[in-house]
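Here is the structure we will look at.
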Amino acid sequence: MFKGGYLGKLLRVNLSNGSIVVENVDPDIYRLFLGGRGAAAYYYYREIGPDTDPLSPDNKLIFFTGPLTGLSLPSTTKFQLATRSPMTGLYLCSNSSGRVGPHLKFAGYDGLIVEGRAANPVFIYINNDSVDVRDASSLWEERTSRVEKRLKELAGEPRAAVMSIGPAAFKGADLACIMVDGRSFGRGGTGRVMASKNLKAVVVYGSGKIPVYEAERINDLGKTAAQRAREGKPVHTRFGTAQYTGVMNEFGCYPSYNFRTGVFDGIDTITAEYMEKHYKVKNLACYRCPVACAQLCEVKEGPFKGFKSDPEYETIGAFGGQCGVSDFGAIVAANSLCDEYGLDTMSTGTIIAYAMECYELGLFTEKELGMKLPFGDGEAMVAMVKRMGEMEGFGAELARGFRYLAQKYPATVPYMMHAKWMPFAAYEPRGFHGIGLSYGTSSRGACHNVGGWTIRDELLTGEYDPFAIKGKGELVKVIQDTRAYIDSLGICTVVRSAMGFTDKPTGNVLELVTGYDFMPELMTIGERIYTLERLILGREGVTRDNDYLPDRIMKEKLPEGPARGHMLSKEMYDEMLDEYYRARGWDKEGRPTPERLQELGLEFCLREG
Amino acid sequence: MRIAVRYLGPASSFSNTASDVLEFDRPVSLQQVLDTITARHNYNFTPPAWALLLEGRGVANENWAGILIEADAEITILPHLSGG
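Listed in order, the protein sequences are those of chains R and W. The first sequence lines up with residues 1 to 609 when you count with the working numbering. The second sequence lines up with residues 610 to 693 when you count with the working numbering.
Dropping the structure here:
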């Protein structure tokens, strides 16, 4: 069926019994789900039952590349992970850049499934068709940057790509991520799942070629697309996603002080422009990316002198506005520590903001926390990040995430900004109502990407009033479906438009790569993936009740700024949610109907109940 | 006729100013306003990199050429946000 883009092979490593098997992938899986997120969700649906404990050997790490991963096109860096999240207790999809995805394909595999649990710490080493599981005892407690260096030495292959976990994961942090060449599978506790398998790292080196149906034409198209992406993204190159910081604040939608307001009084020293002037060292680029949006920053003076990291918009939002911290050096330091310990920056910052509010309200005492933790105190924030990374003192509590904290400290629940236990991203739903619906209906909890990033449509197109309700259900569905198929391609969303991958797909990239004309079906594939994910979530107990937002969003009005006086009441939200379910062909409880499952080619889900 | 221009966030780094007030003696197209800005700051704010609000409301990139401004107005130029 396919003449390129796919290798058609999946590597399965069972760490309990040491078996290493290469399996064929049924081409129908690619026809229906494209690859990447879609294929990973399919295997999750098949192999991870609703009663699976996220930290048991029965949970799996399902990595999948897409048909474009590793090709000579712009930013073909992405690969996807599906697993059951210890942070939310639910299905989790996550994507990462880095070189591991491309090298997995160069080695001959579209996907990698890791299952079981090793008796002792190990790493998996994949070198083309040679695959083995090696001892990692001496590396187990190492931080991520040292692990990468040492693993390349141990493997004897300096060109290898590495994904690894840091100390936070093996010490039990549910916020732990998997670091991939300086990027990450960030959200939902992927690192803790990997630690539960006694797996420190996966090292991959591949030297093979990925077949491409029309290789010469793809090379030419790649050059044109790279040029288009570079010319279309000068602001990303100069400022990265940090560019949104000042802009969101201007619209009163920059979540600050744990979402108590949408205007940050310390904004002037955390904007992208300030970052460029005082902290930026150079750009960093992911695999084959012509935009290079990552901004490496260094703190040159003050208490955080010497720290280096590349904070993105979300990280600046979590550690900046959310924690009320206006010292950009503290943000760089917090980001750097998260990377070294292997913690998700977004969840870490948002949970510290929650702890700060609880501290100011007297719900957490100085004695309990082991420190004063007021809003705006950058040094305290960085100290708490360190404690979370080390799982020391109250840091060990916060690093378990909201689901755990809600059980243990029920009085603090009103101050947890989350959906399905996933901490919010840095956009204010009371100022952009569509993003509220995105958080509520995202298939991994409050995520602005998987949930559908509505800001462009609500702010820039003139078609939507940010405070309107009508039309947002349909809008969110379209953006979610678009994102679902893009996450299955293997490219970064920053360059997608340059290759025609929008909600109205154009061009012939996929046909030139695979020999199969996916273009007319891409939005249906996106909807199919999203619907399958909803079926999985339903199987794990999610209903309409789980699609709502915290009371702060639904009952408290924003106190200041351009969005002053706005909230997203339950009545307003219900109207959006009903429209969204209707657009999806789901019933009033958010369950996909049998008719829609049949229309989408998901009959097998009906047959299997 | 006065057209106030705001350069929001990173846009101000490309124009080297946070705002302008442009004067025209007759109705002008949005494109003419942008041409004036280009001449003044030696930087061309073009799609798809940049977005534009007219009186606070977004104008899709594909509609820029067809807009005629006939009275005092405020334009905001900002990066074309693309997800993050």
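For glycine and all other residues, C-beta sits at the position ideal for the given N, C-alpha and C.
Nearest CB-CB separation between Arg635/W and chain R: not below the 9 Å threshold. Sequence-distant partners of Asn219/R (beyond 5 residues in either direction) whose C-beta falls short of 7 Å from its own C-beta, in its chain, are Ser72.
The Cβ neighbour count for Leu361/R, taken over all protein chains shown within 10 Å, is under 16; the residue is labelled exposed. Per the coordinates, the alpha-carbon of Ser207/R lies some 43 Å from the alpha-carbon of Asn670/W.
For the region 496-523 of chain R, residues whose beta-carbon sits nearer than 8 Å to a beta-carbon of chain W comprise Ser497. Closer than 9 Å to the CB of Ala613/W there is not a single CB belonging to chain R.
Note on Lys280/R: 16 or more other CB atoms within 10 angstroms of its CB, so buried under the neighbour-count rule. Uninterrupted alpha helix (DSSP H) stretches at least 4 residues long and entirely within the region 229-278 of chain R occur at 234-239, 244-250, 272-278, given in chain order.
A straight line joining the alpha-carbon of Arg46/R with that of Glu608/R spans about 10 Å. Under a criterion of Cβ atoms nearer than 9 Å, the residues of chain R adjacent to Val668/W are, in order, Leu460, Thr461, Gly462. Cβ-Cβ separation between Leu32/R and Arg528/R: approximately 6 Å, consistent with a contact (criterion under 8 Å). Counting other Cβ atoms within 10 Å of its Cβ, Met1/R stays below 16 and is therefore classed as exposed. Glu397/R counts as buried, since no fewer than 16 other beta carbons sit within 10 angstroms of its beta carbon. Exposed is the label assigned to Val22/R, since fewer than 16 other Cβ atoms lie within 10 Å of its Cβ.
Residue burial is scored here from C-beta neighbours: Lys367/R has fewer than 16 other C-beta atoms within 10 angstroms and is therefore classed as exposed. By the Cβ criterion, the region 416-423 of chain R is in contact with the region 549-557 of chain R, since at least three pairs of Cβ atoms, one from each stretch, lie closer than 8 Å.
The residue from Leu175/R, Gly349/R, Pro74/R, Glu214/R with its alpha-carbon nearest to that of Ser256/R is Gly349/R. Shown here, Lys570/R sits in a helix according to DSSP, grouped into three states. The beta carbon of Leu617/W falls within 9 Å of a beta carbon belonging to chain R, placing the residue at that interface. Beyond the five residues adjoining it in sequence on each side, Gly370/R comes within less than 6 Å, by CB distance, of Gly393, Phe394 in the same chain, given in chain order.
Residue pairing by DSSP places Glu115/R opposite Asn14/R in a beta bridge. Only those residues of the region 31-50 of chain R whose C-beta falls short of 9 Å from the nearest C-beta of chain W would be listed, and there are none. Comparing alpha-carbon positions, the option among Ile435/R, Gly541/R, Arg288/R lying closest to Val100/R turns out to be Arg288/R. Closest in alpha carbon position to Asp457/R, among Gly306/R, Ala383/R, Ser438/R, is Ser438/R. Using a Cβ-Cβ cut-off of 9 Å, Gly186/R does not count as an interface residue toward chain W, since no Cβ of chain W sits closer than that to its own. From the beta-carbon of Gly675/W, no residue of chain R is found nearer than 7 Å; the closest lies around 12 Å away. Secondary structure at His650/W: helix, using DSSP grouped into helix, strand and coil. According to DSSP, residue pairing for Gly370/R in a beta bridge does not occur. A direct Cα-to-Cα measurement between His650/W and Cys253/R gives close to 30 Å. Contact between Pro54/R and Pro86/R is confirmed by a C-beta separation of about 4 Å, below the 8 Å threshold. Taking 4 residues as the shortest admissible run, the region 411-497 of chain R contains the following complete alpha helix (DSSP H) segments, listed from N- to C-terminal end: 433-441, 455-459, 472-486.
Counting of Cβ neighbours within 10 angstroms places Pro27/R among the exposed residues, the total staying below 16. For Pro27/R, the uninterrupted alpha helix (DSSP H) run begins and ends at 27-33, by DSSP.
Interface residue (Cβ-Cβ distance to chain R less than 9 Å): Asn651/W is not classified as such. Rounded to whole angstroms, the separation of the alpha carbons of Val642/W and Arg596/R is 49 Å.
In the structure shown, Cys177/R adopts coil according to DSSP, grouped into three states.
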